[in-house]
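What follows is one structure encoded as structure tokens, with my remarks underneath.
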Amino acid sequence: MIGPSGSARARSCAASTGSRTSRTANVVVDGFDVSDKKIDIDRVRQHIGMVFQHFNLFPHMSAIENVMLAPVQTKRASKEEARTTAVRPLEQVGLAEKADAKPANLSGGQKQRVAIARALAMNPDIMLFDEATSALDPEMVGEVLQVRRDLAKGGMTMVVVTHEMGFAREVSDRVIFMADGYVVEEGTPEQIFGDPQQSRTQDFLNKVL
């Protein structure tokens, strides 16, 4: 999802997890209507990995302990089992050698990659990224984008709220442009970036490209 700040992209992302509700539409994720009050939303969330702007790592825990936490608390995995399975997502994000490092000893990009590994540790069907690079220094953005490229190549379904137009154009199967709380236009990257039909989309892209 692309668009100016305040366009409700993050709110739409949050609605996918049931964190926000919609009065005008049903939100269906992987066959589950998360807007249905009868749905077991905690069960649905176990299939959705979420990565936000802020890393929210526990500072007193090592990288691998942060990754282990959700499987232990949510899936009741033993610490030994969780530690074994936590190695793979850390390898996926290129941080196996930093497994025992505390967040204070990691760069911003490394912290965000640990946050991605933490989400991957739950074996999600879908990954949601809400401007996951916006809090990073420009030189650290590339390493996080590369992890997402690798996930896309591996077939992971991702919903990405981003200001990185190049990344959206390169990796997306479908691009949604939002403004003023509404979906203005959606289509393939070629359609949205190469031949946008709506004047609001055209104006936005003329300013950011």
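Following the numbering used here, the numbering of the sequence shown begins with 1174 at its first residue and continues without gaps.
Backbone N, C-alpha and C define an ideal beta-carbon position, used for all residues, glycine too.
Note that the coordinates shown come from a computational prediction; the quantities given were computed from them, not determined experimentally.
Rounded C-alpha distance that separates residue i from residue j
i, j, result
"Gly1267", "Gln1319", "10 Å"
"Gln1265", "Ile1349", "28 Å"
"Gln1285", "Pro1297", "17 Å"
Where residue i falls, given that 16 or more other Cβ within 10 Å makes a residue buried
i, result
"Glu1238", "buried"
"Thr1361", "exposed"
"Gln1375", "exposed"
"Gln1246", "exposed"
"Phe1231", "exposed"
"Val1314", "buried"
"Pro1311", "exposed"
"Glu1363", "exposed"
"Gly1204", "exposed"
"Asp1368", "exposed"
Residue i versus the options, residue with shortest Cα-Cα distance
i, options, result
"Met1338", "Asn1199, Ile1365, Tyr1355", "Ile1365"
"Thr1306", "Lys1326, Arg1291, Ala1290, His1336", "His1336"
"Ala1181", "Ala1352, Gly1367, Val1357", "Ala1352"
"Met1223", "Asp1323, Ala1290, Val1356", "Ala1290"
"Gln1370", "Asn1379, Phe1377, Ser1208, Glu1358", "Glu1358"
Those runs of the beta strand (DSSP E) which lie wholly inside the region 1282-1323 and span at least 3 residues: Counting whole runs of 3 or more residues, the region 1282-1323 contains the beta strand (DSSP E) stretches 1299-1303.
Could you check whether the region 1272-1279 touches the region 1208-1226, counting it as contact only if at least three pairs of C-beta atoms, one from each stretch, sit closer than 8 Å? With contact defined as three or more Cβ pairs closer than 8 Å, the region 1272-1279 and the region 1208-1226 are not in contact.
Pairs of beta-carbons, one from the region 1331-1345 and one from the region 1276-1294, closer than 8 Å: are there three or more? no
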